[in-house]
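Asker: Just so you know, we're using numbering that gives the first Met the number 0 here: the sequence shown kicks off at 0 and counts up by one.
To start, I am sharing the structure in question, which I have written as structure tokens.
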Amino acid sequence: MLRITWLWYVCQYTRVKKKGGRIMDGKLSITYVPVRDLKSSLKFYRDQLGLEEAWRMGDSTVAFKLPGTDIELMIDLFEEGAPDTVGPMFLIPSVDAFYAANQGTMEFVRKPADIPPGRWATVKDPSGNCLYFYDSSKSQ
């Protein structure tokens, strides 16, 4: 919990300087939690923890409002072969541009792919933690 709180505090508005002067602008907006059983996870997060449902996408994804913040907690059915680690999701201007600028210097475990609001990609840090990046290019 302390780690997630620290990540939220430090990364709510992130400006990370990269080699060569490039900057990634992003806003932490979601904490991603992959789950193996949506029904039991809904019972836990909604019924036991008392979190309020913010939105739902199909039969595999539900987001909850987190008290005192604009950041949401999103549970999503785990896809076989996909990264299965909890991590922050950053809303950035363009996933494709981020990928093009960083594909040689970061370990992308999920290359840019379509999602309903736009595109997303997943990066692993040197310790194996996943960071998720998405854009809202389809809703613009």
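Glycine included, each C-beta is placed from N, C-alpha and C at the ideal position.
Given the structure is predicted, the values throughout are model-derived calculations rather than measurements.
#1: So K64 is in the alpha helix (DSSP H); what residue range does that whole segment cover?
#2: Taking only the alpha-carbon atoms, compute the straight-line gap between V121 and V34 and give it to the nearest angstrom.
#3: Would you check if there are 3 or more beta carbon pairs closer than 8 Å linking the region 128-138 to the region 89-107?
#4: Note down, in chain order, each residue of its chain lying with its Cβ closer than 7 Å to the Cβ of W54, except the 5 sequence neighbours on either side.
#5: Mark G86 as exposed unless 16 or more other C-beta atoms lie within 10 angstroms of its C-beta, in which case mark it buried.
#6: Might you give, ordered along the chain, the residues of its own chain that have their beta carbon closer than 6 Å to the beta carbon of M105, omitting 5 neighbours on each side?
#7: Out of E52, R118, K38, G49, point me to the one whose CA is closest to D58's CA.
#8: From what residue to what residue does the alpha helix (DSSP H) around F97 run?
#9: Quick one: grab the DSSP three-state call for F77.
#10: If you draw a straight line from the alpha carbon of M73 to that of G127, how long is it in whole angstroms?
#11: Taking the beta strand (DSSP E) that K123 falls in, what are its first and last residues?
Answerer: Reading off the structure:
#1: No alpha helix (DSSP H) holds K64; the beta strand (DSSP E) holding it covers 60-64.
#2: Correcting the residue identity first, residue 121 is Thr in this sequence and not Val. Taking C-alpha positions only, T121 is separated from V34 by approximately 17 Å.
#3: Counting Cβ pairs under 8 Å, three or more are found: they touch.
#4: The residues are A62.
#5: Classification of G86: buried, given that the 10 Å Cβ count is 16 or more.
#6: Around M105: V122.
#7: Of the residues E52, R118, K38, G49, the one whose Cα lies closest to the Cα of D58 is K38.
#8: Looking at the DSSP string, the run of the alpha helix (DSSP H) that includes F97 is 94-101.
#9: Look at F77 here: in three-state DSSP terms it is coil, with no helix or strand label.
#10: Here the alpha carbon of M73 sits roughly 20 Å from the alpha carbon of G127.
#11: Counting along the chain, the beta strand (DSSP E) containing K123 begins and ends at 117-123.
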